[in-house]
Amino acid sequence: MLPPFSLLALCLASASSPVLAATAGSFADGGNTLVSAMMMFLGNEEKVYILDKAEGNPATVSGHPAWGSVWDIKTRQATVMDVKTNTFCSSGMHLPNGSYVTFGGNSAVGRGGAAGSTGVWDAEYQDFDGAKSIRVLNPCTSSDNFASAQCTWFDDPSVLSMQKKRWYSTAEPLADGSIVLIGGMVGGGYINRNTPDTTPVPEAAENSYEFYPSKGPATPLPFLYKTGGLNVYAHAFLLNSGKMLVQANVSTMIWDYNANTEVDLPDMPGNVVRVYPASGAVAMLPLTPANNYNPTILFCGGNDMPEPSWGNYSFPAINTWNYPASRDCHRLTPEPLDGSAPAYEADDDMLEGRSMGQFIILPDGKLLVVNGAVNGTAGYAVSTGETFSYGDMPFGMSLASGPVGTPALYDPNAPKGRRWSNAGLDKSPIARMYHSSAILLPDASVLIAGSNPNVDVNTSTTFPTEYRAEIFYPPYFGAKIRPTPSGVPKTIAYGGPSFDITIPASCYAGPSNAAAANTTVVLLRGGFTTHAMNMGQRYLQLNNTYTVNQDGSIVFHVSGAPTPNVFQPGPSLLFVTVNGIPSVGTMVVVGSGSMGTQPTAAPAQLPPNVLVDSAKGTADGASVKPGGGGGGGSGPGQTGSGRSLSTAAIIGGIVGAVALLGALAALGVCLMRRRRAARVPAAAQAGMMGGAGAGEYRGLRGSDASAFAPLHRATDSDAWNGSTANLMAGPYQGPYRDDAMEMRSQSSASASASGPPPPGQGQGYAYAHAPGASFDEYDPYGATSNPSLHHPPPPTNADGGQGYRY
Ligand SMILES: *[C@@H]1O[C@H](CO)[C@@H](O)[C@H](O)[C@H]1NC(C)=O
Ligand SMILES: *[C@@H]1O[C@H](CO)[C@@H](O)[C@H](O)[C@H]1NC(C)=O
Ligand SMILES: *[C@@H]1O[C@H](CO)[C@@H](O)[C@H](O)[C@H]1NC(C)=O
Ligand SMILES: *[C@@H]1O[C@H](CO)[C@@H](O)[C@H](O)[C@H]1NC(C)=O
Ligand SMILES: *[C@@H]1O[C@H](CO)[C@@H](O)[C@H](O)[C@H]1NC(C)=O
Ligand SMILES: *[C@@H]1O[C@H](CO)[C@@H](O)[C@H](O)[C@H]1NC(C)=O
Ligand SMILES: *[C@@H]1O[C@H](CO)[C@@H](O)[C@H](O)[C@H]1NC(C)=O
Ligand SMILES: [Cu+2]
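Numbering (mature numbering (1 follows the signal peptide of the UniProt record, and there is no 0)), first residue to last: -21 to -1, 1 to 785.
As structure tokens, then:
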């Protein structure tokens, strides 16, 4: 056991972390994301990766506007990253080894959303068609070389791509770490249908599913035909049985994706649509030993417009910004433990209507809803069935109005009628409308960014292209001391022996027995955020018992994760939450770290609890104000770090003997932060006003009858083959970057086995690799090794300039 001195040191470390400088319930300046944060994921304890669509962002990389960046959690500064293909409205998911993949997107676009100049590429924005892309990123830390191949996006559709074009697809991980990709649009638009409807095969709907890594040809999914126009970014949750809950339009089903069979569940009560563009807030409630890890899904908000109002690819039939978003919440337990028929259960209404509200599951087991609007829907357009010209659109291209700036907290365990609260939570002054995002950070704060209901960058419209990030501090930031667990493992197995985590007495207040009983050890994965969803977001409380020691330290004996269906393999944060106050999360990998059947074992019997009645936490002077919402009483619109930097508050928060040291350390950290923060707005402003200034933009051309330009492709050409690489076998275990040559020759081998590749295939995207060159130095995207990726591909494709034009 650790001597008391080092235990004290642990908590001192906590007290001097910047965490203390935060005010519960408030927003702080998160800096400039450089690209508008349409999509984000947490790469590791240091970095958040951000993706935008290809558009005219002032920040540039490799001589073109950037649409990728990496944001450093500590400095709150972003750095641009190069991405080859158009990531516009893609899906994404973690891999078992901690890397992330994004899937699909839009075709190549140029200024104002116009078709790429060569069809599959645009000369100005230099984005390639991303409709079939599979992009892999291995998260790196500040000590890595971000310019190295290992740290940059692997994005080369000639090596790796989906079989079908998928824009607005859903990704959900399976027990073996593979990913199912559901539906999407081919061309795309407001919703996924024409009027008059040409179902069963709407020309631009991709009503099929496939897997990554591939498990066979893409297969039609009847549910997507049934749900018609409202079937993209379907909500999908792997269930404990290994089947999957899928919800779209007003339909719900349990899907066996191996047999492709569906079992219908009841329709959504009240015809509230929760998928894009209604975009409700949807999340799986915490899986806990108390609920036997049985999933319940919570659906809140969205929109219940009547069927004809939804319109078609081009635009909604009505002025959506006048149509109130839904406040309705319903719960569904798809596989009730008592064997009863699954049924939607009415839950407390939200405090206000929200379209594009987004749930962030917090480490205290509550759900935070952020972002969105009181009226209307996601999507953007330059007209509606009721407003014929762009100039008459009251909110520019936005189809929503009335940003909801105040978050709210949902307590799944509170009695009905008392589950929602926004007491003590500030209101953000930044509208977070269509294409906003949010994700949990390791310190248990929430990064909020993005908003861009515009076809291309527009900083002068009502709801502009937003580059400002904010950090929201949930109520537990009112705590003066955060628990600092030791012994957190790097990997978590499925079942098997338990592991021990210890917290010192100095990290909590009050009787040890009560604190021990009121502690949870949770795995919390924030997922891949886009379009008000966090794909893959999941909270699992691990089972535990505890031993209270005489000195007030507590040892928790913690079981592994139950099964890979309950919590799919891959990266996750681990938090220890004591009396409602979470530790800073540690990144762990759940499962084997590789794709394939995960090793599982029966959970070992946990040792019985050991209590010591006289033991106490020693953090009394710094006793927390749980759920206190320390931000209460302050005015709305508090953004900027200034507010959280009251020296008095910081010093007041530090306990006893460590006060002076702690205060000095905290002050040092906070002064540094203040200097940095002061620079950010200036940089942000320069960035937003500089570069491709707004004045340079042409107006939308007359031919852009809709902002959703990519309609009516002449042919659905397949310039790229689907990926044939099997990543679960053979030599393809390492990063794609390393495998690229081998995979490439394999895929051309298989292509020639089944006939010659289409003209241009394997030509325009081929790259040369000097035999024997070190892979570390090898950059297939480098100007010398791969000139073709920096210039329009040769127009040898039979469909060149046709298949991808619209
Ligand atoms: C969408 O509906 C409008 C009428 O509201 C119609 O003019 C337009 O052609 C339709 N667009 C598509 C792609 O079906
Ligand atoms: C939603 O689904 C219903 C069938 O349940 C269908 O009649 C309707 O057309 C769909 N709505 C849209 C906008 O596609
Ligand atoms: C949690 O662990 C205890 C002690 O080993 C055991 O009795 C209990 O069944 C476990 N709970 C779950 C949900 O596995
Ligand atoms: C930005 O939006 C405003 C109002 O919607 C519009 O008048 C202007 O043309 C847009 N600017 C660009 C560059 O699209
Ligand atoms: C929302 O729509 C209602 C009409 O349904 C309207 O009265 C209200 O002003 C709108 N709110 C905003 C913020 O546009
Ligand atoms: C656990 O701690 C939270 C926060 O202090 C408190 O609200 C709750 O009542 C406690 N639970 C028990 C069982 O003591
Ligand atoms: C993780 O696995 C994927 C393949 O599943 C691979 O492309 C990637 O490079 C791996 N990441 C690391 C860091 O090895
Ligand atoms: Cu989108």
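Just so it is clear, CB atoms sit at the ideal spot from N, CA and C, and this is done for glycine as well. Source: prediction; values computed, not measured.
Residue i CB to nearest heavy atom of ligand 7 below 7 Å
i           : result
residue 78  : yes
residue 115 : yes
residue 376 : no
residue 72  : no
residue 566 : no
Pair within 8 Å by beta-carbon distance, residue i and residue j
i           : j           : result
residue 158 : residue 72  : yes
residue 554 : residue 564 : yes
residue 110 : residue 144 : yes
residue 492 : residue 404 : no
residue 349 : residue 427 : yes
residue 558 : residue 537 : no
residue 471 : residue 567 : yes
residue 456 : residue 468 : no
residue 169 : residue 293 : yes
residue 33  : residue 88  : yes
residue 320 : residue 309 : no
Distance, residue j Cα to residue i Cα
i           : j           : result
residue 520 : residue 4   : 25 Å
residue 757 : residue 300 : Bear in mind that the predicted position of residue 757 carries a pLDDT of just 25, short of 50, making it unreliable; the figure below should be weighed with that in mind. About 51 Å.
residue 502 : residue 263 : 14 Å
residue 49  : residue 59  : 6 Å
residue 249 : residue 488 : 47 Å
residue 562 : residue 461 : 5 Å
residue 652 : residue 25  : Interpretation of residue 652 is limited by its pLDDT of 30, a score under 50 that renders its predicted location unreliable; the figure taken from the coordinates is listed afterwards. Rounded to the nearest angstrom, the two C-alpha atoms are 16 Å apart.
residue 448 : residue 435 : 19 Å
residue 66  : residue 46  : 8 Å
residue 679 : residue 437 : Any reading at residue 679 needs caution, since the residue's pLDDT is 24, under 50, leaving its predicted position unreliable; the model's value is listed next. Taking the straight line from one Cα to the other gives about 12 Å.
residue 75  : residue 572 : 5 Å
residue 18  : residue 473 : 30 Å
residue 533 : residue 481 : 6 Å
residue 239 : residue 216 : 16 Å
residue 485 : residue 52  : 27 Å
residue 10  : residue 431 : 17 Å
residue 514 : residue 490 : 39 Å
residue 344 : residue 442 : 33 Å
residue 68  : residue 399 : 31 Å
residue 229 : residue 576 : 34 Å
residue 318 : residue 147 : 34 Å
Which residues DSSP lists as bridging residue i, in chain order
i           : result
residue 125 : BP columns for residue 125 are empty, so no partner.
residue 580 : DSSP lists no partner for residue 580.
residue 230 : 227
residue 263 : 276
residue 88  : 94
residue 308 : 279, 326
residue 189 : 160
residue 547 : Answer is none; residue 547 lacks a bridge partner.
Check: residue i C-beta below 7 Å from any heavy atom of ligand 6
i           : result
residue 559 : yes
residue 497 : yes
residue 493 : yes
Whole-number beta carbon distance between residue j and residue i, since they are thought to touch under 8 Å
i           : j           : result
residue 281 : residue 257 : 4 Å
residue 114 : residue 81  : 5 Å
residue 126 : residue 429 : With 8 Å as the limit, residue 126 and residue 429 do not qualify as a contact, their Cβ atoms being about 26 Å apart.
residue 598 : residue 527 : About 15 Å separates the two Cβ atoms, so there is no contact after all.
Proximity test, residue i beta-carbon vs ligand 8 heavy atom, cut-off 7 Å
i           : result
residue 68  : yes
residue 214 : no
Heavy atom of ligand 1 within 7 Å of residue i beta-carbon
i           : result
residue 298 : no
residue 171 : no
residue 92  : no
residue 302 : no
Distance cut-off 7 Å: residue i Cβ against heavy atoms of ligand 3
i           : result
residue 39  : no
residue 271 : yes
Residue i: CB within 7 Å of a non-hydrogen atom of ligand 4
i           : result
residue 440 : yes
Within-8 Å CB hit, residue i to chain B
i           : result
residue 327 : Given the protein chain composition of this structure (a single chain), no chain B is represented.
Heavy atom of ligand 2 within 7 Å of residue i beta-carbon
i           : result
residue 228 : yes
Any non-hydrogen atom of ligand 5 closer than 7 Å to residue i Cβ
i           : result
residue 353 : yes
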